[in-house]
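For the sequence shown, the numbering used here assigns the number 370 to the last residue and increments by one with no breaks. A short worksheet on the structure shown next.
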Amino acid sequence: MATLLGIVSIATYWVRTALMVAGAWLERRRQSTQPTEDRLPPVSIVVPARNEEHRIARCLESLASLDYPPDRLEIIVVDDRSTDRTAAVVASYAEHIPKLRVLSLTEPRSGNLRGKAGALDYGILHASGEIILLTDADCAVDPRWVHAHVAAYRSSDVAMVCAYTLVAGTNPFARFQAVEWNTTNTMASAGVYYRQFLGCFGNNMSIRREVYRMLGGYRAIPFSVTEDLALLQAVGRAGLGIAYVCSKESCVETEACTTLAEYIQQHQRWVHGAKALGWRAYTFVATTLLYWLGVIASAAEGSWLITAAIVLARLGADAVLNVPSLVRLDRRDLVWWIFPTTLAFGFLELSLPFLALSRSIRWKDQVFETSPSYTIGLEKGA
């Protein structure tokens, strides 16, 4: 019995991986890599910031280094009710970044515009660029970041562009998160190719301004604690084109979670947001559970060779999934971290579904009450 279950679990995991690898590869193949230099559209970069005085300088310095034509570039930082010196720090960079301006939200927003969605919507509605790029205050971008996004819009069918985000840092916990994020990005890019919109990272995405307004913006999108996924799915439901870019120039670096509590809080938000995936999320959980049933059943029978074969098969599958994108992103330093990350995350993933049982989500010192079936609710706290 253990042998049969082991074979089924290995086969199922590899089929899932093969679908993801193929989708990610096909998505990369159809991407344009260079914009037409004589057609660089005006763009706006929107950065929501809430109590980021200690982290936003790195973001602004990277934005100041962008090589996009200054006369076609606008940077908007939305100070979302910060109680620290965020606005003052941003203002100090204004003389070095001529196109930088700060917009301030002073009151909490209601309805679908609660939380981060409200700050993003406010910034986008005040933006003048044809293409709106989004990133976060704790991120750093490549000098060619805007060019990499703009290149994907050479096709008039593309309404939205997502791109990879990796975690900065050299300690083991940061490396673990970087590989995990790469895995998530790769599966999400495969989903875009299959038009099964599994997710994206809101700190590295862009959208045509006319498309955002046509959709009604976040005001017309049901509130979610994963507002990036909500926007992605809204664009997808409208039947519009989406590209998921994988290149060194398009990649953004974000800061790592520094504590396990912060990491769990982050994943609790993601798990609640994943409820919007419906059967896709349940299928993913089921195939992962099947893998663990194979491991547990073979170990319980003392069939250690089968147990080892199942674990090694997963290590191999995760390597096949991650290596191509890490090479393309010029992050070969992370390749050797795939194996310890797979082993560590393998145990951690058993607890992740239970995070969905929480009735509240904390984000940026705000608490959102959630319904049993979906991540919507009332904002508590300012």
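Beta carbons are placed, not taken as given, at the ideal position from N, Cα and C, and that holds for glycine. Since the structure is predicted, the reported quantities are computational estimates derived from the model, not experimental observations.
- In the three-state DSSP reduction, Leu317 falls in the coil class, being neither helix nor strand.
- Here Phe185 is buried, its C-beta having at least 16 other C-beta atoms within 10 Å.
- For Arg89, the secondary structure class from DSSP, reduced to helix, strand or coil, is strand.
- The beta-bridge partner set that DSSP reports for Ile64 consists of Val34, Arg89.
- In this chain, the alpha helix (DSSP H) harbouring Arg225 covers 215 to 225.
- In this structure, Asn170 sits near Ser313, with a CB-CB distance shorter than 8 Å.
- Leaving aside the five residues that flank Tyr182 on each side, the residues in its chain whose CB is nearer than 7 Å to its CB run, in chain order, Gly11.
- Counting the other Cβ atoms within 10 Å of the Cβ of Ser53 gives fewer than 16, which makes it exposed.
- Ranked by Cα distance from Ala139, the first of Arg225, Tyr232, Asn100, Ala297 is Tyr232.
- The Cβ atoms of Val66 and Leu28 lie no closer than 8 Å to each other.
- Around the beta-carbon of Tyr270, fewer than 16 other beta-carbon atoms lie within 10 Å, marking it exposed.
- Straight through space, the alpha carbons of Ala6 and Met175 are spaced by roughly 11 Å.
- A buried status is given to Asp216, since no fewer than 16 other beta-carbon atoms sit within 10 Å of its beta-carbon.
- In the DSSP assignment, the residues bridged to Thr153 are Val240.
- For Tyr232, the enclosing beta strand (DSSP E) starts and ends at 229 to 233.
- Around Gly187, the same chain offers Ala176, Leu217 as residues with beta carbons nearer than 6 Å, after the five sequence neighbours per side are excluded.
- In the structure shown, the three-state DSSP call for Arg102 is coil.
- For Ser194, no alpha helix (DSSP H) encloses it; the enclosing beta strand (DSSP E) starts and ends at 193 to 196.
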